[in-house]
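**Student:** Per my numbering, numbering through the sequence shown is continuous, rising by one, with the last residue being 445.
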Amino acid sequence: MAEYYFNLPPIDKLTTYQQAALKPTVAIALAGGPGTGKSVVSLYRHIACNEQGRNCQLLTYTTTLALYLTACCVKQSTQAANKVATIYRWCLQSEIRDEIIVDEAQDVGAERYNILKSVCGNISYGADDAQSLYPNQGSTAIQLRLLFPNNQPFTLKKNFRNTKCILRLARNSFPNANISQDDIDSCISEGNKPVLFITDGNNAIQDQTIIKIIEGFVNEKSQNIALLCPWGSTVQYFYNMISQKYPECSYYYRRDGNDVGIKNISNLHITTFKSSKGLEFDTVIIPIFHKAFDIIPPQFQTDWKDFYVGVTRAKTNLYLISNTDIPQIRNFVEIENISNNNINSTRIISNDKPTNDLPF
Numbered sequence: 086m087a088e089y090y091f092n093l094p095p096i097d098k099l100t101t102y103q104q105a106a107l108k109p110t111v112a113i114a115l116a117g118g119p120g121t122g123k124s125v126v127s128l129y130r131h132i133a134c135n136e137q138g139r140n141c142q143l144l145t146y147t148t149t150l151a152l153y154l155t156a157c158c159v160k161q162s163t164q165a166a167n168k169v170a171t172i173y174r175w176c177l178q179s180e181i182r183d184e185i186i187v188d189e190a191q192d193v194g195a196e197r198y199n200i201l202k203s204v205c206g207n208i209s210y211g212a213d214d215a216q217s218l219y220p221n222q223g224s225t226a227i228q229l230r231l232l233f234p235n236n237q238p239f240t241l242k243k244n245f246r247n248t249k250c251i252l253r254l255a256r257n258s259f260p261n262a263n264i265s266q267d268d269i270d271s272c273i274s275e276g277n278k279p280v281l282f283i284t285d286g287n288n289a290i291q292d293q294t295i296i297k298i299i300e301g302f303v304n305e306k307s308q309n310i311a312l313l314c315p316w317g318s319t320v321q322y323f324y325n326m327i328s329q330k331y332p333e334c335s336y337y338y339r340r341d342g343n344d345v346g347i348k349n350i351s352n353l354h355i356t357t358f359k360s361s362k363g364l365e366f367d368t369v370i371i372p373i374f375h376k377a378f379d380i381i382p383p384q385f386q387t388d389w390k391d392f393y394v395g396v397t398r399a400k401t402n403l404y405l406i407s408n409t410d411i412p413q414i415r416n417f418v419e420i421e422n423i424s425n426n427n428i429n430s431t432r433i434i435s436n437d438k439p440t441n442d443l444p445f
């Protein structure tokens with residue numbers, strides 16, 4: 086099994102507006118929805134700063150995204166790659182920097198920003214309120230503007246990741262995400278409708294379906310596949326199941342403040358919605374999708390935003406597995422009612438092949 090296929094777009098493929106945000110003359114405030122290029126712009130700005138002799142640090146919230154950004158960075162600049170970290174670990178031994186860039190800034194609270202301000206007077210960030218998965222400890226767009234009132238705003242609007250079909254599903258599944266028609270029109274390709282598999286709560290059929298989907302893509306070295314889950318316990322369950330056939334698959338989640346699983350990402354990766362933030366995959370599989378429409382008790386620390394993040398990780402193929410039909414999304418998915426009798430004839434693989442769209 087191959088490693089995760091890292092594909093940072095050439096800098097000259099960025100839009101003129103994105104390239105304007107790379108000039109390290111003033112701190113910036115990047116905004117934009119999934120797939121608009123916030124992480125890529127932050128990464129190239131970080132590389133540019135280090136190449137110009139500025140001591141720049143790139144910080145993000147999750148361990149997985151820090152690994153992803155480091156791997157994307159290393160081919161461009163080893164020096165810059167050595168200055169990518171998670172914000173919570175870096176703040177334990179913070180050092181003076183000329184510039185700090187915070188990716189996924191909505192997940193970080195004021196306490197950490199005060200630490201950053203004590204070691205750096207030039208802090209840039211990228212954020213999206215709709216992807217705020219830690220509301221009790223993060224920062225809203227308004228709070229970030231109050232913390233950094235002099236940052237120059239850049240709002241990125243073009244979606245380089247998702248197909249129109251995937252974003253239509255996201256809009257109708259998660260109306261509070263406020264996805265506009267302009268957002269959908271900005272997508273590069275139409276794509277195929279996501280597929281909704283209905284299992285009637287049969288876990289054996291669910292697991293067989295997941296393996297069948299993986300079989301269709303896993304041998305393509307440039308194909309990144311993710312199975313995304315709401316909770317660490319579900320990650321562990323699916324890793325135990327999938328690794329019996331694909332022992333080199335990777336998995337990651339946090340439990341009681343500790344990392345669980347392999348931190349290096351393979352091209353078949355199993356993780357939580359929270360740990361997938363900032364990443365993208367050609368093919369995304371989301372089991373127990375019916376939970377996206379349930380009222381989940383607060384102690385589970387999961388709501389519609391987690392599922393929204395999961396859906397918008399998909400570039401080309403999106404497979405949803407549900408115990409039941411979901412009437413509100415029927416017009417935006419291909420529905421497959423599966424059973425032991427028809428699973429082998431189930432249409433799994435999309436006609437779309439991975440494109441060369443910029444991986445934002």
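Note that CB positions come from ideal geometry on N, CA and C, so glycine has one too.
Grab me the residues of residue 100's own chain with a C-beta within less than 6 Å of its C-beta, minus the 5 sequence neighbours each way, in chain order.
**Tutor:** Translated into positions along the sequence shown, residue 100 becomes position 15. Taken in chain order, the list of residues that qualify is empty.
**Student:** Within the chosen definition, does the stretch 293-302 reach the stretch 363-379 through at least 3 CB pairs nearer than 8 Å?
**Tutor:** yes
**Student:** Using CA coordinates, which residue listed in 190, 193, 168, 195 is at the minimum distance from residue 182?
**Tutor:** What you label residue 182 is simply residue 97 of the sequence shown in a count that begins at 1. It is 168 whose Cα lies nearest to the Cα of residue 182.
**Student:** Can you check whether the CB of residue 154 is closer than 8 Å to the CB of residue 143?
**Tutor:** Taking the first residue of the sequence shown as position 1, residue 143 is located at position 58. Taking the first residue of the sequence shown as position 1, residue 154 is located at position 69. For residue 143 and residue 154, yes; Cβs fall inside 8 Å.
**Student:** Tell me whether residue 325 sits in a helix, a strand or coil according to DSSP, three-state version.
**Tutor:** On the sequence shown, residue 325 is found 240 positions in, with the first residue counted as 1. Reduced to three states, the DSSP call for residue 325 is helix.
**Student:** Identify the residues that DSSP records as bridge partners of residue 276: which are they?
**Tutor:** Your numbering for residue 276 matches position 191 in the sequence shown. Its beta-bridge partners do not exist; DSSP assigns none.
**Student:** Residue 306 to residue 400, Cα distance in whole Å?
**Tutor:** Here the question's residue 306 lines up with position 221 in the sequence shown. Here the question's residue 400 lines up with position 315 in the sequence shown. When rounded, the distance between both Cα atoms is 16 Å.
**Student:** Count the C-beta pairs between the stretch 121-130 and the stretch 327-338 that are closer than 8 Å, then say yes if the count reaches three, no if not.
**Tutor:** no
**Student:** Determine contact between the stretch 352-366 and the stretch 132-148, defined as no fewer than three beta-carbon pairs at a distance below 8 Å.
**Tutor:** yes
**Student:** Give a yes or no on contact between the stretch 387-404 and the stretch 340-354, applying the rule of three or more CB pairs nearer than 8 Å.
**Tutor:** These segments do not touch.
**Student:** To the nearest angstrom, report how far apart residue 232 and residue 304 are at their CA atoms.
**Tutor:** Indexing the sequence shown from 1 puts residue 232 at position 147. Indexing the sequence shown from 1 puts residue 304 at position 219. In a straight line, the C-alpha of residue 232 is about 47 Å away from that of residue 304.
**Student:** Any Cβ of chain C within less than 8 Å of the Cβ of residue 280?
**Tutor:** Looking for chain C here will not work: only one protein chain is present.
**Student:** Would you kindly work out how many angstroms separate the C-alpha atoms of residue 273 and residue 246, rounded to a whole number?
**Tutor:** Taking the first residue of the sequence shown as position 1, residue 273 is located at position 188. Taking the first residue of the sequence shown as position 1, residue 246 is located at position 161. Computed Cα separation, rounded: 8 Å.
**Student:** Note down, in chain order, each residue of its chain lying with its Cβ closer than 6 Å to the Cβ of residue 216, except the 5 sequence neighbours on either side.
**Tutor:** Position 131 of the sequence shown, counting from 1, holds the residue named residue 216. 394.
**Student:** Whose C-beta lies closer than 8 Å to the C-beta of residue 321 among residues of the same chain, with five residues either side of it excluded?
**Tutor:** Counted from its first residue, the sequence shown places residue 321 at position 236. So the qualifying residues of the chain are 336, 338, 345.
**Student:** Are the stretch 308-316 and the stretch 347-358 in contact at 8 Å, needing three or more beta carbon pairs?
**Tutor:** As far as the Cβ criterion goes, the stretch 308-316 touches the stretch 347-358, which means the pair count is three or higher.
**Student:** Below 8 Å, how does it come out for the stretch 217-236 and the stretch 248-268: are there three or more Cβ pairs, yes or no?
**Tutor:** no
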